[in-house]
Structures are given as C-alpha cells and as structure tokens.
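Below: one structure, written as structure tokens.
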Amino acid sequence: MKRPLVQDLLLILCCLAVSWALFIAVLLITNLYLVFAVILLASVVIYGVNRREGVKASIVQAFQRQSRFAFASMLIIVLALPFILRSSPYWILILTLAILWIIVALGINIQFGSAGIINLGAAAFYGVGAYTAGMFATKLGTPPLFNLLLGAVMSMVVGSFLFIPLLKTRSHYLALVTIAFVMAFHNLLNNAEWLGGAQGIVGIPPMSVAGYSFIREIKIWGLKLPSQANFYYLALLLGVLLVVASWRLWNSWVGLTWNAINEGTGDELSAKCMGVATGKWSMIAFTIGNFYIGLAGAFYSHMTSYVSPPDITFYQSLLFLSAVILGGVDSIPGVCLAAVFLVVLPEKLRAFQQYWVMFFGIILVLMLILRRKGLIPAMIRIYQREVRAIPDSSRAPKGSNR
Amino acid sequence: MDTILNQIIHGLMLGVMYSLVAVGFTLFFGVLNLVQFAHGEIFMVGAFLGLIILNVLHSFLGIDNPALLLLICFAGSSVLTALFGLLFGRVTIRPIKNAPPIIALLTTLAAGISIRFFVMAFYPAGSQPQNFPGYLPDWQTEIHGVQLRFDSLFILVGGILLILGTYLFINKTRMGIAMRAVAQDRETASMMGVNINRVIDTTFVVSGILAACAGIFNGLYYRQVIFDMGAIYGVVGFSAAVIGGLGNIFGAIVGGFLFALLASFTSAFIPGGSAYRFVTAFAFLILFLVIMPKGILRASRGKRET
C-alpha cells in the first residue's frame, strides 16, 4: 500500500501547530475572558474533529505511520518553548512542574494503568523522594544528581514495605492499604522533629550539575533565557527518557504481561494458568512506578528548595492518580496531556482558586461516569506492519469491557 | 488504673462515632457491593446541617430551650442528610452500579471531594473551623478518679440507642429483611419481588441518618466542625468496616470500637504518642489486612467476591 508521505507529514505539522499555538496562547494571555474564549475555541475544534470520523481516522493514521516524525517535531517544539516563553519565567517554572507531574503520572500509569495496582498513596512515594533528597542535600551536602537517584531508589525501597499487602489484597482493600499508608506517612512527617516537623525542610540547595549552578541565566546566540530554563531542560531530559522507557515497556511483552494481570483488562487466573508469575510482575510494576514517582519528588525538592508535609497528602495522591483517569488508563499520550492540564489549568484559573477543587471533582466524576476510557483512549498494540492499514476506529477499543 | 478507665471511656465515645460511620460503609457494601467513599462527607454535611439548624433556630426564632433545640437539630439534620444522601445516590451511584469496584471507589471519592470543597467555598468563612454551640449541660462527676462528662455519656447512650435501632430495623422490619436479601444475592432477591432501587434508596436514608447523628455528636463533643473533617472520618470509618469484615454490621461496630480504643490507648500510653495515634492505627490496619484480609467477622453469606 502506497503511503501518502507528504500528506501525512503536512497533516501532523498542521495538527501540532494548531494545538501548540492554542496552548501557548492560553499560557500567555492574561485576560481571563480571552483565555476562556481560546479554551472554548480549542474545545470546538477538538469536538469538530472528533465528530468527523474520516478526518479523525486520517489524523490518527498519520500519527501512527509517521510516529517518529511526530515525536521528533514534538521534541523540537518543547525544546523551543523556553525561547518562546522567555519573558515569563513563571510559566517556564510551571511547565517544569508539569513535566514532573508527567513523570509521576507515568509511574502511576505503570502501576494502575498497566498492571491494575491501585495506588492512592502516590504522594507518599513522592514525599519519600523529596524528603530523601532534601535530607541528604541539607545534612550531608551530597551532589544533587546523586540525590535524584537516591530519592528514586529510596522510594522503591519504601515501596517494598508494601509488598506483602500488595500480594495479599485486591482492589478496594489495596486502595485502603495505600490510603492508610499515605495518611500515616503524612502524620509521621508532621510530627517527626528530625524530618523538620510541620515546617518541612527548608533551604535545600538548588540543582547543579558538575559545578554548573542552575540559578544562572542561559545565554545562547545573544538570547537570554531565565534561570528557570535550566530546570526545564533537565526535567525535559528526564521526562523524555522516562516517556520513551514507558513506551518501550508498554509496547513489549512486559506491558502485555502487566495487562494480563490487570483486573480490568486481563484476568489474573488465566494469566497464572499461562505461567505468568502474577505476584512477581505486580511487585515489579509497583517498584518501577515508585521509581518514577520518587525521582519526580527528588527533583521537586531541588527545584523549589523547600518541601513540607502539606505537599504530601491523600488529596495530592488523588490528584496524581486522576491524571491517569482523565488522560486514559494505560494510554501514555493521554496521561501526559492530562498531567499538563492538571498543572496548568489551576495556575491559569487562580482567580477561581477556591472553586477549582470542586470543579475538578465534578469533572472527574463526569469522566468516570461518561467516558471511562479517558481523553485519549489507550491504543491497540501493533505487532505486524500490515495491520497498520486497518483504521483504528473499526476495532473495538481496548478496555471496552470495563 | 484510672487513666486506663478514662481512656476506655474516651475510646468508647469515639468508638460510637466511628461505628456509626462504619455501619454506613458496611451497609453500602452489603447492598450495593461497592465502597461508597463519600460517606465521610455525608457525615460532614450532617454536622453542618445540624449547625445551620441550630443557628437558625437560635438567632431567628429565638428558641432557647436546649432540649428542644437539640431535638429539632437531630431530627432536622437527619431528614435533610438522608435526603441529601438519596440525591447523591441517584446522581453518582446509579450510573456506576455495575462498574468494577475500583471505579466506584474513585467516583465516590471524587464526588466526596466536590462536596467537601463545595462546603468550603459556599459556607460563610468555610475554610475556617466553625464553632458548634454546646447546648449540652457542663455537668461532670468523678467516681473513684474516673471522669464522667455529660457529653460523653450522652454520646455513648445516644449512639448505642441508634445502633440498636439500626439492628432492629435490619433484622425485624420488612425493609430490613429485603436489604439483607439484596446483600446476599441481588438477582434472587429481585426475582422474589424485592424492589432493588427502593432498597438502595433506603440504604442511603439509613446511613444518612446515622452519619448525621454522628456528625452532630462530633460537633457537640469537640465544639467545632470544619469542612475537611469528613476526610479522616471517611478513612477511619472505611477502615473500621474493613477490620470488622465489609458487609457485616456487627463487625463494623466492633471494628469502630477497636479502632477508637487503639487510637486513644496510643495517645495515652506511648510517650508523645498522641501525635502518632493515626500512625499506629493505620499501621495496625495494614498489618491486619495482611493477616486477616476478610476482617474479624466474615460476612455471613454463601458466596462472596472480593
């Protein structure tokens, strides 16, 4: 089958240009009415494309056929973002936070999305990463990059305390275990004096790599970038690595194994009969997810140089988990998109701060009732090239039995 | 010895409140086979409705008789909370009746958060703790070094009466028997002519009344209510229901008292323990789930999926 190469590339570029233009417009416009107008416009565009099956199918196919090109152009855009936003360092910081959220959400996606392990205690593991990095940096003065790794590893180690409950309990019992864990952890942090108590850890030194301090401005080709761009680029590097890792895991037999032991998409009993070591694979999924979450936590404490118990609550865990639910369970692009939304929207709607959580809850409920597959439903794995020719919409979406 | 007795009384009083919430969880799980995580928020709504009723009666209608005030407060808040629960059930639970358990848990959790922050945003100065007027007499006495406060005794007696009432309702009335039948086997019950939707509505009403009373008890004892008090009660109530065995009413009561006694003993006997009472309580819960995942009293039914 002949592929209309140029047509595909143009389509991809067009889609990316429109969506990123809208996104940057939302970020930079300060007038709230205009922001709402842009969001409305975006919704109308998305709704229109969604309604026309032909247009939707050709866009999806274009992205599938030229996935590398799409990925590369996305990469160029996100690399260029600090240059576009260089007059507003605040948004560069928020976008860095968004990347951290993407990392956390990808970790939870491995646990909850792929393997079906409900983790309502993600904030606790985030906290383990953040506190480990903070404690080591302030008390021992270890280098930040080492602390990042240590935070992630520590989060894995702490996660292993929950291995036995993980193996012994299912669905809402496991949910209760993780909730109890994060609540106990929050209580502990609030009261343990050696961990800074309710004040948390202050004065964590900012990130620096091999003597290069991250609080310096960047100068490239006569352009000055605010110091926040340093954090952005490092977070971006980690984020891209972890997205690729997540993608490779998802698209391999490992991801398939996780789906097999997932209560929603798979069947644990059949998986066991087929020789899948279900316990081992759930532990692996849980540990890898905690690595992601802990890494993001450690980065966070080196970015804000401050971490305290109010960041580590059950509610925060639910926010993290909701990125997976909103974006699409087991769908990597969806999860990334939702994580960005969940960081950027409340920042943009600061004026409505006290109503935001209420609306967030309502959106989550509506999503769970009406569109359980999420913003971007998980894709079907493609194992043979020829199968690519079949339009995606003609097949039953994965997880439709949910 | 005296401290032990004092702690036991305090624990029993807390246990009454935990049990009332836990019974709600267990009823939902029995009848609907799902975890209704917004129950803690219904408890909070009950307390706030009670507060509003008290304030309205006192400042607008000028009623000063504490007994009458409390009576109207309990009755009014129970009715309104039951209605609220009913509405909540119709809007969020009905559409997800057949969803996997974890989806139901997340949906109710999110709905609960909406309710919580709705109260914060729309109750005047809602983000601050609200004073709950103490209409109970300040009477207290000491018997052999054991302090007895009137409000503790009131809560203890009132809570036990409520629990007894629920027990009688579940076991002796037609509707209660229908509820147990649905809990055992929904399909068979509906074939026998039980109206499932009415049973579900009744569950919301009963648990709403219990939660409202628990909320007012909580307000009367601590003299203040705050918008996020449902969060901890939700988790504790759920934990108590799980410890007792989800779906078993008697188990939920036992679990509630066990959890409360554990928390109050930790704060009494471990040095500096009062700050860590939830750490021990939740650590105990996790251990408990590992050792006895089905709770102390398994639900008495033939088949059960976890």
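So the protein lines, in turn, are chains A and B.
Read in order, the letters of the first sequence are residues 793 to 1194 in the numbering used here.
Read in order, the letters of the second sequence are residues -16 to 289 in the numbering used here.
Quick reminder that beta carbons are idealized off the backbone N, C-alpha and C, glycines included.
Worksheet item: If the cut is a Cβ gap below 8 Å, which residues of chain B does A:Val830 touch?
Response: Per Cβ cutoff of 8 Å: no residues; A:Val830 is ~25 Å from chain B at best.
Within 8 Å, strictly: CB atoms of B:Gly59 and B:Ile36: It is a contact, given that the beta carbons lie within the stated cut-off.
List the whole-angstrom C-beta distance separating A:Pro1101 from A:Ala990, where the pair is believed to meet the contact cut-off of C-beta under 8 Å. 6 Å between Cβ atoms; contact.
Review point. So which residues on chain B does A:Phe1075 lean against when the C-beta distance must stay under 8 Å?
Key: Note on residue identity: the sequence assigns Met, not Phe, to residue 1075 of chain A. In chain B, no part has a C-beta under 8 Å from the C-beta of A:Met1075; the shortest such distance is about 15 Å.
- Other residues of its chain near B:Leu139: CB distance less than 7 Å, five sequence neighbours each side excluded: The residues are Leu(-5), Met(-4) and Val(-1).
- request: Determine the contact status of A:Val974 and A:Ala916, defining contact as a CB-CB distance below 8 Å.
  value: In contact: A:Val974 and A:Ala916 (Cβ atoms closer than 8 Å).
Check your understanding: Helix, strand or coil: how does DSSP classify A:Tyr1098 here?
Key -> Correct three-state label for A:Tyr1098: strand.
Discussion item. Counting only C-beta atoms, is A:Ile900 closer than 8 Å to chain B at any point?
Written reply: No, A:Ile900 lies away from the interface with chain B (no Cβ there is under 8 Å from its Cβ).
| message | My output table needs one value for B:Arg132: the three-state DSSP class, helix, strand or coil. | response | If DSSP states are grouped into helix, strand and coil, B:Arg132 belongs with the strands.
Taking 8 Å as the threshold (beta carbon to beta carbon), is A:Ala915 in contact with chain B? Between A:Ala915 and chain B, the shortest Cβ-Cβ separation is not below 8 Å.
Exercise. CA-CA distance, A:Leu1034 and A:Ile895?
Worked result: Whole-angstrom Cα-Cα distance: 7 Å.
Which chain B residues sit within Cβ distance under 8 Å of A:Lys960? Those within 8 Å of A:Lys960 in chain B are Leu272, Val273 and Pro276.
Original post:
Looking at the C-beta of B:Arg287, does it have a partner C-beta in chain A at a distance below 8 Å?
Top reply: The predicted model places B:Arg287 with a pLDDT of 45, which falls under 50 and marks its position as unreliable, so this point remains unresolved.
Discussion item. If contacts are defined as beta-carbon pairs under 8 Å, then B:Ile76 and B:Gln19 qualify, I think. What distance do you get, rounded to the angstrom?
Written reply: About 7 Å separates the two Cβ atoms, so the contact holds.
**Prompt:** Is the segment 228 to 241 of chain B touching the segment 8 to 17 of chain B, taking contact as three or more C-beta pairs under 8 Å?
**Reply:** Result yes; three or more Cβ-Cβ pairs closer than 8 Å.
If B:Phe248 and B:Ser2 are in contact, beta carbons under 8 Å, what's the gap, nearest whole angstrom? Between B:Ser2 and B:Phe248 the Cβ distance is about 17 Å, and since that is not below 8 Å, they are no contact.
Next item on the list: Would you kindly work out how many angstroms separate the C-alpha atoms of A:Leu1017 and A:Ile971, rounded to a whole number?
Entry: Roughly 42 Å between the two C-alpha positions.
Note to self: Between A:Phe1144, A:Ile1117 and A:His1094, which has its C-alpha nearest A:Asn939's C-alpha?
What the structure shows: Answer by Cα proximity: A:His1094.
Rounding to the nearest angstrom, what Cα-Cα distance links A:Trp1050 and A:Val1136 in this structure? If you draw a straight line from the Cα of A:Trp1050 to the Cα of A:Val1136, it comes to about 31 Å.
- Task: Output the residue ranges of the alpha helix (DSSP H) runs that lie fully inside the segment 1039 to 1082 of chain A and measure 4 residues or longer, sorted by chain position.
- Result: Runs found: 1045 to 1053 and 1060 to 1065.
Of the listed residues A:Gly905, A:Met999, A:Ala834 and A:Val950, nearest to A:Gly933 (C-alpha basis): Per the Cα distances, A:Met999.
(Q) Need the endpoints of the beta strand (DSSP E) that A:Glu1009 sits in, please. (A) Here A:Glu1009 belongs to no beta strand (DSSP E), and DSSP marks it neither H nor E.
Checklist entry - In angstroms, rounded to a whole number, what distance separates the CA positions of B:Tyr150 and B:Ile179? => result Near 20 Å, if we compare the C-alpha coordinates of B:Ile179 and B:Tyr150.
- prompt: Contact between the segment 92 to 106 of chain B and the segment 1135 to 1152 of chain A: three or more CB pairs below 8 Å?
  reply: Taking a cut-off of 8 Å on C-beta distances, the segment 92 to 106 of chain B touches the segment 1135 to 1152 of chain A, as three or more cross pairs fall below it.
### Closest residue to B:Gly176 among B:Phe137, B:Ala161 and B:Leu70 (Cα-Cα distance)
B:Gly176 has its Cα closest to that of B:Ala161, out of B:Phe137, B:Ala161 and B:Leu70.
Any C-beta of chain B under 8 Å from that of A:Asp1122
No - not a single Cβ of chain B is within 8 Å of the one on A:Asp1122.
Going by the DSSP bridge assignment, what does A:Lys1016 pair with across the sheet? A:Lys1011, per the DSSP bridge assignment.
Q. Name the chain A residues whose beta carbon is nearer than 8 Å to that of B:Met174?
A. Correct list: empty, because the minimum Cβ distance to chain A is about 26 Å.
Requested in this report: Would you mind sorting A:Ser1186 into buried or exposed? The rule is 16 or more other CB atoms within 10 Å of its CB.
Outcome: Its pLDDT being 49, under 50, A:Ser1186 is placed unreliably in this model, and the value from its coordinates should be taken loosely. The residue is exposed, with fewer than 16 neighbouring Cβ atoms inside 10 Å.
Q. What's the C-alpha gap between B:Val188 and B:Val14?
A. Inter-residue distance for B:Val188 and B:Val14 is about 13 Å (C-alpha atoms, whole angstroms).
*Applying a beta-carbon distance threshold of less than 8 Å, which residues of chain A neighbour B:Ala214?*
Simply Phe1106 and Tyr1107.
**Asked** How long is the line joining the alpha carbons of B:Asp168 and B:Met174, rounded to whole angstroms?
**Response** If you take the alpha carbons of B:Asp168 and B:Met174, they lie about 10 Å apart.
| field | At least three beta-carbon pairs within less than 8 Å, the segment 897 to 906 of chain A to the segment 1106 to 1122 of chain A | value | Because the criterion of three Cβ pairs below 8 Å is met, the segment 897 to 906 of chain A and the segment 1106 to 1122 of chain A touch.
| field | Proximal residues of chain A, C-beta to C-beta of B:Ile183 below 7 Å | value | None at all; the shortest Cβ gap to chain A is about 17 Å.
In terms of residue numbering, what span does the alpha helix (DSSP H) encompassing B:Gln167 cover? Taken as a continuous stretch (DSSP letters only), the alpha helix (DSSP H) holding B:Gln167 covers Arg157 to Gln167.
Quiz item: From A:His1213 to B:Leu88, what distance separates their C-alpha atoms?
Solution: Only positions 793 to 1194 of chain A appear in this structure, which leaves residue 1213 of chain A out of reach.
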